[in-house]
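Protein sequences appear in the order of chains A and B. Count along the first sequence from 1, then add 30; that gives the number in this note's numbering. Count along the second sequence from 1, then add 19; that gives the number in this note's numbering. A quick write-up on the structure given underneath.
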Amino acid sequence: MKRGLSAPLRKWMAHVSVCEKCSYENSFPIDGGNYDNAGQVSGKIKTILKDMGIGNNVVRMVAVITYESEINIVSYARQGMIRLHVLPEHIEIEAVDEGPGISDIHLAMQQGWSTATDKIREMGFGAGMGLNNIRNFSDIFHISSDVGSGTRLKMIIHIQQEQNC
Amino acid sequence: MLLREVQKILDAEVLVGAEKLDMEVHTAFGADLMSDVLAFADSGCLLLTGLTNPQVIRTADVLDIAAIILVRGKKPPPETLRAAADKNIPVLSTKYILFESAGRLYEKGIVGSAQKVDGPRVRL
Numbered sequence: 031m032k033r034g035l036s037a038p039l040r041k042w043m044a045h046v047s048v049c050e051k052c053s054y055e056n057s058f059p060i061d062g063g064n065y066d067n068a069g070q071v072s073g074k075i076k077t078i079l080k081d082m083g084i085g086n087n088v089v090r091m092v093a094v095i096t097y098e099s100e101i102n103i104v105s106y107a108r109q110g111m112i113r114l115h116v117l118p119e120h121i122e123i124e125a126v127d128e129g130p131g132i133s134d135i136h137l138a139m140q141q142g143w144s145t146a147t148d149k150i151r152e153m154g155f156g157a158g159m160g161l162n163n164i165r166n167f168s169d170i171f172h173i174s175s176d177v178g179s180g181t182r183l184k185m186i187i188h189i190q191q192e193q194n195c
Numbered sequence: 020m021l022l023r024e025v026q027k028i029l030d031a032e033v034l035v036g037a038e039k040l041d042m043e044v045h046t047a048f049g050a051d052l053m054s055d056v057l058a059f060a061d062s063g064c065l066l067l068t069g070l071t072n073p074q075v076i077r078t079a080d081v082l083d084i085a086a087i088i089l090v091r092g093k094k095p096p097p098e099t100l101r102a103a104a105d106k107n108i109p110v111l112s113t114k115y116i117l118f119e120s121a122g123r124l125y126e127k128g129i130v131g132s133a134q135k136v137d138g139p140r141v142r143l
């Protein structure tokens with residue numbers, strides 16, 4: 031820290047330098063149909079957040095959201111990606127895919143409704159719980175879909191102040 | 020309770036993680052539906068399940084689950100064992116059915132990771 035700066039300015043600069051460590055942005059591609067790799071992206075994201083010192087509860091929420099999103103992309107889409115954007119006060123997650131899309135989102139959000147194949151059910155998923163889990167672990171949840179084009183989820187998770195920086 | 024005692028109570032075979040049997044465990048969750056495990060199981064608990072594919076390990080890893088007990092005598096495929104060794108998650112196999120396994124552990128002091136579902140997900 032340079033000499034001659036006022037105390038409030040020094041404090042502000044210290045705050046800014048700490049919070050730069052709390053910011054992160056990256057996109058992770060996911061192949062549709064590649065069940066062997068399902069879970070790798072959410073595993074990476076979990077490690078990144080833990081290494082950043084994000085609190086366990088927030089890490090768990092993001093891990094569940096990204097894992098269910100990843101399972102959905104692998105199960106239903108040709109390809110997709112999860113974008114992670116960590117900011118000092120919240121985490122934004124986008125799960126975007128190129129695939130068949132969802133014709134009736136209201137129906138898809140109902141617990142127990144699913145178009146899962148036997149392969150998906152064998153993995154312990156496909157019981158019509160995934161989108162519900164994603165919504166329930168998000169502070170803000172938005173879904174949009176175009177039939178024949180793909181589906182886009184956007185989730186925001188607030189970081190409690192004591193867990194931040 | 021130590022994982023070693025869990026192994027004795029369930030007369031279980033240790034498939035992965037023989038070096039981690041001195042780990043302390045207090046709670047457990049049982050299900051075959053991984054979405055329910057994600058929604059309701061807690062970190063540090065035992066997962067009792069009849070599902071044996073690698074997604075069980077990945078689900079356990081997402082939640083930092085302590086160890087996996089495969090019930091009904093299930094033996095997992097090699098890729099599941101490799102994933103477990105990779106993630107350092109112990110896997111035990113017992114011939115007891117899920118209900119019997121849960122009852123025997125409960126009798127000795129292991130409790131549910133939650134007693135009742137209170138809302139659509141575990142309260143953090």
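Cβ coordinates follow ideal geometry from the N, Cα and C atoms, glycine included.
Below-8 Å beta-carbon distance, B/Ala-58 vs any chain A residue: As a working mapping, residue 58 of chain B is identified with position 39 in the second sequence. Yes, B/Ala-58 lies at the interface with chain A (some Cβ there is under 8 Å from its Cβ).
Cβ-Cβ distance between A/Gln-109 and A/Asp-61 below 8 Å: If you number the first sequence from 1, residue 109 of chain A lands on position 79. If you number the first sequence from 1, residue 61 of chain A lands on position 31. In contact: A/Gln-109 and A/Asp-61 (Cβ atoms closer than 8 Å).
Meets three-Cβ-pair contact criterion under 8 Å: the segment 26-38 of chain B and the segment 63-70 of chain A: no
Proximal residues, the segment 85-100 of chain A versus chain B, C-beta separation under 8 Å: Asn-86, Asn-87, Arg-90, Met-91, Ala-93, Val-94, Tyr-97, Glu-98
Segment contact flag, the segment 150-163 of chain A with the segment 52-70 of chain B, C-beta cutoff 8 Å, min 3 pairs: yes
Where B/Asn-107 meets chain A, residues with beta-carbon distance less than 8 Å: Residue numbering aside, residue 107 of chain B sits at position 88 when the second sequence is read from its first letter. Here the premise fails: no neighbours, minimum Cβ distance about 13 Å.
Spatial distance of A/Val-104 from A/Pro-130 (CA atoms): Locating residue 104 of chain A in the first sequence gives position 74, counting from the first residue. Locating residue 130 of chain A in the first sequence gives position 100, counting from the first residue. Taking the straight line joining both Cα atoms gives about 13 Å.
Members of the segment 31-54 of chain B near chain A, C-beta cut-off 9 Å: Ala-50, Asp-51, Leu-52, Met-53, Ser-54
Selection from B/Leu-21, B/Val-35, B/Met-20 that minimises the alpha carbon distance to B/Arg-101: Indexing the second sequence from 1 puts residue 101 of chain B at position 82. Answer by Cα proximity: B/Val-35.
9 Å Cβ cut-off: residues of chain A touching B/Leu-70: Taking the first residue of the second sequence as 1, we reach residue 70 of chain B at position 51. By Cβ distance, chain A contributes Glu-152, Met-153, Gly-154.
Backbone CA spacing between A/Met-31 and A/Pro-38 [nearest angstrom]: As a position in the first sequence, residue 31 of chain A is number 1, starting the count at 1. As a position in the first sequence, residue 38 of chain A is number 8, starting the count at 1. Per-residue confidence for A/Met-31 stands at a pLDDT of 46, beneath the threshold of 50, marking its modelled position as unreliable; no derived number is given.
Simplified DSSP assignment, three categories, for A/Ser-174: To locate residue 174 of chain A, count along the first sequence from 1; it is residue 144. Three-state DSSP puts A/Ser-174 in a strand.
Residue span of the beta strand (DSSP E) that contains B/Gly-69, given as start and end: Residue mapping note: residue 69 of chain B aligns to position 50 of the second sequence, counting from 1. Judged by DSSP secondary structure, B/Gly-69 falls outside any beta strand (DSSP E); it is assigned neither H nor E.
Nearest-angstrom Cα separation, counted from B/Ile-87 out to B/Gly-122: Reading the second sequence from its first residue, position 103 is the one you call residue 122 of chain B. Reading the second sequence from its first residue, position 68 is the one you call residue 87 of chain B. One C-alpha to the other measures close to 16 Å.
Rounded separation between A/Ile-189 and A/Ile-173 - CA only: One-based indexing of the first sequence puts residue 189 of chain A at position 159. One-based indexing of the first sequence puts residue 173 of chain A at position 143. Answer to the nearest angstrom: the Cα atoms are 22 Å apart.
Where B/Val-81 meets chain A, residues with beta-carbon distance less than 9 Å: Looking up residue 81 of chain B in the second sequence gives position 62. Chain A residues near B/Val-81: Gly-69, Ser-72, Gly-73, Lys-76, Arg-90, Ala-93, Val-94, Thr-96, Tyr-97.
Runs of alpha helix (DSSP H) lying entirely within the segment 112-157 of chain A, each at least 4 residues, in chain order: 135-138, 148-152
Short Cβ contact (8 Å threshold) for B/Lys-94 with B/Ser-112: Position 75 of the second sequence, counted from the start, is the residue given in the question as residue 94 of chain B. Position 93 of the second sequence, counted from the start, is the residue given in the question as residue 112 of chain B. Contact flag set, yes.
Proximity test, Cβ basis, 8 Å: A/Phe-58 and chain B: Along the first sequence, one-based indexing puts residue 58 of chain A at 28. Judged by the 8 Å Cβ criterion, A/Phe-58 is not in contact with chain B.
Interface partners of B/Ser-149 on chain A, CB under 8 Å: No statement about residue 149 of chain B is possible, as the shown extent of chain B runs from 20 to 143 and does not include it.
The segment 42-53 of chain B contacting the segment 161-172 of chain A, beta-carbon criterion three pairs below 8 Å: Segment contact: the segment 42-53 of chain B against the segment 161-172 of chain A, fewer than three CB-CB distances shorter than 8 Å; contact not assigned.
Where the alpha helix (DSSP H) through B/Ala-103 begins and ends: Here residue 103 of chain B refers to the residue found at position 84 of the second sequence. Residues 97-106.
Beta carbon proximity, B/Val-136 to chain A, threshold 8 Å: Your numbering for residue 136 of chain B matches position 117 in the second sequence. Output row for B/Val-136: interface = no.
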